[in-house]
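Residue numbers (my numbering): 1 to 380.
See structure below.
Structure below.
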């Protein structure tokens, strides 16, 4: 039975509705415009609640508001200079980053995040086999987007598990592996292997992280081999398609050429370097003007160098803090996100912003959070 204290029920419900809306858009149940409106309303309401109404959290929310303000200002200036983003996109931080306040400042139940993770993964795998591929699920579904959603729901559960001092079973990694592998996207397959490796190396138990016993590691490897053999027996084409897709396209693709074109143009003038270059001017840039297949390049293109450097500095500081504190919950989640966002437009007006902002800012106020939790006033 799902038990959540009454005072936290509302915020858990808001996050649950947000996740279900995201899933509904993925399957085409909601139109993109409808889901956008709902997500902006939910995110803005969460941001207003914590950053405006909760004056007792002012010391915690200040850094968050400074980051979001600089981020939005950078986006507005780049929009004036290069027009890479449309005007409506300037409101997206209120959706994705607004919802991150629930994870940063609220108490989210691990049962809520666990339920959402399993609902998405199980339903997606079933539909992939029924419809014949991840590209035919409707909505925004595709081979690439499946793994993005898996990363979103998995890392969200990792964050809430650490905050609530809960353990994470290795079964989550196997479910993520099966879901990503069934979509046969290259980035997703590699992401699923990374997830398996992380959960084989680390044991996440009651808010603490440990390196696994070698016997457990070997057992997990054996289980993966058995799983592979079962898939080969029942659905051999799935494995063959995934492997042939990687071998045929290779690890390199048009992505590297797109990146090279954009970087070259960005250094062609000070304005392009500082505000972000308009995504056009070559055959590939014209073709992929809305998706450079790299979140960091899209960050520069739509928010400029100041915001880009701010994010890079926060990434480095966060990684150092997580290594120092041996917080492998957040460090692993950060690594999974960084890998996935390096090969697709997943962040900076993308789904993973909700989690990534938590990972960026948590070290800045983690001691204050512990203090509030100890005093018991933080979630009242």
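Glycine is no exception: its CB is placed at the ideal position from the N, C-alpha and C atoms.
Going by C-alpha to C-alpha distance, which of 124, 74, 80 and 51 sits closest to residue 106?
51
C-beta contact flag for residue 355 and residue 160 at 7 Å:
no
Express the C-alpha separation of residue 66 and residue 121 in angstroms, rounding to a whole number.
36 Å
Would you please state the rounded distance, in angstroms, between the beta carbons of residue 187 and residue 343? I believe it to be under 8 Å.
Right, their Cβ atoms sit about 4 Å apart.
Could you please give me the residues that DSSP links to residue 203 through a beta bridge?
210
Is DSSP giving residue 17 helix, strand or coil here?
helix
Note down, in chain order, each residue of its chain lying with its Cβ closer than 7 Å to the Cβ of residue 150, except the 5 sequence neighbours on either side.
121, 176, 179 and 180
Which residues does DSSP pair with residue 168 in a beta bridge?
204.
Boundaries (first-last residue) of the alpha helix (DSSP H) holding residue 303
295–324
Would DSSP call residue 84 helix, strand or coil?
coil
For a minimum of 4 consecutive residues, which ranges assigned as the alpha helix (DSSP H) are wholly contained in the region 91–175?
92–105, 110–131 and 143–163
For residue 247, count neighbouring C-beta atoms within 10 Å of its own C-beta (all shown protein chains included) and say buried if the count is 16 or more, exposed if not.
Bear in mind that a pLDDT of 47 at residue 247, under 50, signals an unreliable position, so the model cannot answer this.
Output yes or no for whether 7 Å exceeds the beta carbon distance between residue 318 and residue 360.
yes
Burial state of residue 277 (16 or more Cβ within 10 Å):
buried
Of the choices 337, 33, 63 and 363, whose alpha-carbon is the least far from that of residue 351?
337
Mapping the DSSP letters down to three states, classify residue 37 as helix, strand or coil.
helix
Contact between the region 30–41 and the region 285–294: three or more CB pairs below 8 Å?
With the cut-off at 8 Å, the region 30–41 and the region 285–294 do not touch.
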